[in-house]
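Working notes for the structure below.
In full-length UniProt numbering, the protein residues as written are 1 to 252.
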């Protein structure tokens, strides 16, 4: 029945990077629709805002600590996640190293690719195994408008997010026959800490606004509806999609 299209009662969602920004908004939204929440962050903060929000909705909450820049920590996390029942995976955590291509260091490149591409790949592989056993699961990557465009001074981020779009499509082809849907959300310009250097610059922010048909930057909560759709039965016939949520930026 369509009245249950967005009901996530009885499901458990793993959301990486859920302490703030888009991850917080998505985790909170999934909990509002009935899901229990597991988060992964670089630090565990007892009594955190996301923990309070989830428990306040009557849902179960659990958190793991992992620095995704560390392959060793990510591998150890994956071993633990293989023991969890996870119905919905949201690969949200990420970082940006900003510098011109000509001076973008090997360390900046390696750090970004490790955290933004390799870590979500490994987590997805670990979690999807038990989804396949149950013949059902929803995997959501957070891509970017830079999955479609080049950007400037964010070459390692652009590379990782372009690859995220690619593995979304590739993994979706392999897991679809096994009952697992794989999609991605590609946010546009969103007011989060990761973009603070841009949206806090009044002149640059105004120039960007002029190119967004809806006329303003997005908020983290603007990503929540797309995530709920892709996590819920409403999207059971949707897989392999990289969905822009950008106020029309890419269409302009």
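The beta carbon of each residue, even a glycine, is placed where N, CA and C say it ideally should be. Because the structure is a prediction, the values reported are computed rather than measured.
Report task. Report yes if the C-beta distance between residue 220 and residue 22 is below 9 Å; otherwise report no. Result -> Pairing residue 220 with residue 22 gives a Cβ-Cβ distance under 9 Å.
Query raised in the report: Can residue 156 and residue 109 be called in contact, C-beta distance under 9 Å?
Result: In this structure, residue 109 lies closer than 9 Å to residue 156 by Cβ.
**Report entry** For residue 22, the three-state DSSP class (helix, strand or coil)
**Finding:** For residue 22, the three-state secondary structure derived from DSSP is helix.
Query raised in the report: Would residue 33 be called buried (16 or more neighbouring beta carbons within 10 Å of its own) or exposed?
Result: Flag for residue 33 reads buried.
**Report entry** Residues of its chain near residue 179, where Cβ-Cβ distance is below 6 Å and the 5 sequence neighbours each way are ignored
**Finding:** Apart from the 5 residues on each side of it in sequence, residue 179 sits with its Cβ closer than 6 Å to the Cβ of 135, 136 in its chain, given in chain order.
Query raised in the report: Which of helix, strand or coil does DSSP assign to residue 148?
Result: DSSP places residue 148 outside both helix and strand once states are collapsed to three, so it counts as coil.
Query - Start-end ranges of the beta strand (DSSP E) lying completely within the stretch 64-105, minimum 3 residues - result: Segments of the beta strand (DSSP E) lying fully in the stretch 64-105: 88-91.
Report task. Tell me the start and end of each unbroken beta strand (DSSP E) in the stretch 152-205 that is at least 3 residues and wholly inside, in chain order. Result -> Fully enclosed beta strand (DSSP E) runs of 3 or longer: 180-187.
Query raised in the report: Secondary structure at residue 52, three-state DSSP: helix, strand or coil?
Result: Residue 52: helix per DSSP, three-state reduction.
Query raised in the report: Which residues in the same chain have their Cβ closer than 6 Å to the Cβ of residue 28, if we skip the five residues on either side of it in sequence?
Result: Correct list, in chain order: 53.
Report task. Starting from the Cα of residue 211, find the closest Cα among 202, 222, 181, 189 and give me that residue. Result -> In terms of CA proximity to residue 211, 189 leads the group 202, 222, 181, 189.
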